[in-house]
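J.: Going from the sequence shown to the numbering used here is simple: count from 1 and add 15.
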Amino acid sequence: MQFNYPIEGGCACRAVRYRVLRAPLFVHCCHCTWCQRETGAAFALNAMLEADQVELICGEPEFINTPSNSGKGQKIARCPQCKIAVWSHYAGAGEALRFLRVGSLDQPDAMPPDIHIFTSTKQAWMNLPASTPAVSEYYDRKSFWSQQSLERLNTVLVKTGKQKPD
């Protein structure tokens with residue numbers, strides 16, 4: 016199914032609304048126990064986007080520092096009223112990338128997972144589709160990402176000083 020951008024999303028009470036300007040770099044369906052605990056579900060579905068490709072329409076999220084398996088933590092953007100998470104920032108790229116909570120989109124089916132990660136700890140009853148790559152832990156981006164997404168990520172990392180130019 017093809018979706019036209021921009022698309023919109025937000026929290027449950029609609030106090031925080033955002034607009035996604037283009038397709039994500041990549042979408043992770045993470046089955047790690049940290050994501051399971053954080054979401055209260057069997058997995059977390061996060062679309063990775065450049066921060067400047069997600070614009071606020073209304074409201075201002077509050078940022079909650081939360082522990083992560085890496086030990087570096089993450090900053091979760093939540094609605095200050097209903098507390099729904101709309102995106103997060105991980106230490107690796109800081110605020111340059113947003114890990115958008117796909118379930119907060121008005122049309123969450125616009126961003127199906129590109130890969131299932133940390134499947135070594137997925138729930139035993141969870142059956143994964145054979146049509147989507149799945150790895151037991153994490154993976155090498157160059158093996159799964161499109162060249163265009165790799166270039167977009169490189170541009171962000173160079174701008175933020177997280178990576179030297181190629």
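Cβ coordinates follow ideal geometry from the N, Cα and C atoms, glycine included.
Please state the DSSP three-state secondary structure of G118.
T.: Reduced to three states, the DSSP call for G118 is helix.
J.: Using a Cβ distance threshold of 8 Å, determine whether the segment 89–105 contacts the segment 24–32, with at least three qualifying pairs required.
T.: They touch, by the three-pair rule.
J.: Would you mind giving the Cβ-Cβ distance between V42 and L60, rounded to the nearest angstrom? I have them listed as a contact below 8 Å.
T.: Contact flag correct, Cβ pair sits at about 7 Å.
J.: Kindly list the residues whose CB is nearer than 6 Å to the CB of C44, restricted to its own chain and excluding five residues on each side of it in sequence; keep chain order.
T.: Closer than 6 Å at the Cβ level, and outside the excluded window around C44, lie F58, L60, P128 and H131.
J.: Is DSSP giving G107 helix, strand or coil here?
T.: Three-state DSSP puts G107 in coil, outside helix and strand.
J.: With distances taken from CA atoms, which of T48, W49, R37 and K87 is nearest D67?
T.: With distances taken between Cα atoms, D67 lies closest to R37.
J.: Using the Cα positions of T136 and R116, report the straight-line distance between them to the nearest angstrom.
T.: Answer to the nearest angstrom: the Cα atoms are 20 Å apart.
J.: Tell me whether W160 sits in a helix, a strand or coil according to DSSP, three-state version.
T.: Of the three classes helix, strand and coil, the one that applies to W160 here is coil, per DSSP.
J.: Rounded to whole angstroms, what's the CA-CA distance from G55 to F133? Just pull it up for me.
T.: When rounded, the distance between both Cα atoms is 16 Å.
J.: Would you mind giving the Cβ-Cβ distance between N84 and W49, rounded to the nearest angstrom? I have them listed as a contact below 8 Å.
T.: Rounded, the Cβ-Cβ distance is 5 Å, consistent with contact.
J.: In chain order, which alpha helix (DSSP H) runs of at least 4 residues are fully inside the segment 25–109?
T.: Fully enclosed alpha helix (DSSP H) runs of 4 or longer: 48–54.
J.: So, K87 versus A111, is the Cβ gap smaller than 8 Å?
T.: For K87 and A111, no; Cβs fall outside 8 Å.
J.: With a threshold of 7 Å on Cβ separation, who are the neighbours of Y20 within its own chain once the five nearest residues in sequence on each side are excluded?
T.: Excluding sequence neighbours, Y20 sits near V35, L36, R37 and A38.
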